[in-house]
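Single-structure report; data block below.
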Amino acid sequence: MVTDAIRLLLFPALMAFAASSDLFTMTISNRLSIALVAVFFLLAAVTGMPLNDIGMHLAASALVLVVSFGFFTQGWIGGGDAKLAAATALWFGFDHLLDYLIYASLFGGALTLLLLQFRKLPLPGVMARQPWIQRLHDEAGGVPYGIALAAAALAIYPKTGWMAAIGA
């Protein structure tokens, strides 16, 4: 019962926190990525996931970390985004990795286009006094890609074995 509650609530809650953190601060805490990794291993142990499966999930995560770190070195994404993508890939393994990456790309593209349009509009006075909105509105600012990564994760998660195990 507790395991089912963790499967049902914790991953989505951590993803929602990642999205909101990136929106308001343009940062994703290392603690969040560490929490995702720790909870994965806890659930893998509690549910009796075979070592071979754990290894494949680790391989998927390592692949995403290498590629996303390359993106980070080019300045295309932030370091928190790279770590969040790798931690999320650990949960999905290769079974759902392609779907996750496609969704993240589509959501990220839509987010970027919306943000570019938002930056063309003048800010009303109330909004102009909010530091997080000023950051989003700044044309030299980045894109809080953690929002797209989290949205993609939440779109894919119901299709995974984690949710199928509880009959969802």
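Read in order, the letters of the sequence shown are residues 1 to 168 in the numbering used here.
The beta carbon of each residue, even a glycine, is placed where N, CA and C say it ideally should be.
On a predicted model such as this, the values are computed, not experimentally measured, just so you know.
| Check | Outcome |
| --- | --- |
| Per-residue DSSP class, three states only, for G80 | helix |
| C-alpha gap between A59 and A44, whole angstroms | 15 Å |
| Sequence-distant residues of the same chain with beta carbon closer than 6 Å to G108, five excluded per side | Y145, A148 |
| Per-residue burial, V64 [other beta carbons within 10 Å of its own, 16 or more giving buried] | buried |
| Distance, P122 Cα to V39 Cα | 43 Å |
| Cβ neighbour criterion (16 or more within 10 Å) applied to S105 | exposed |
| Selected residue, minimal CA-CA separation from Y157, among H96, M1, A110 | H96 |
| A19 versus A151 - alpha carbon distance | 8 Å |
| Contiguous alpha helix (DSSP H) assignments of at least 4 residues, all confined to the stretch 23 to 99 | 30 to 47, 51 to 73 |
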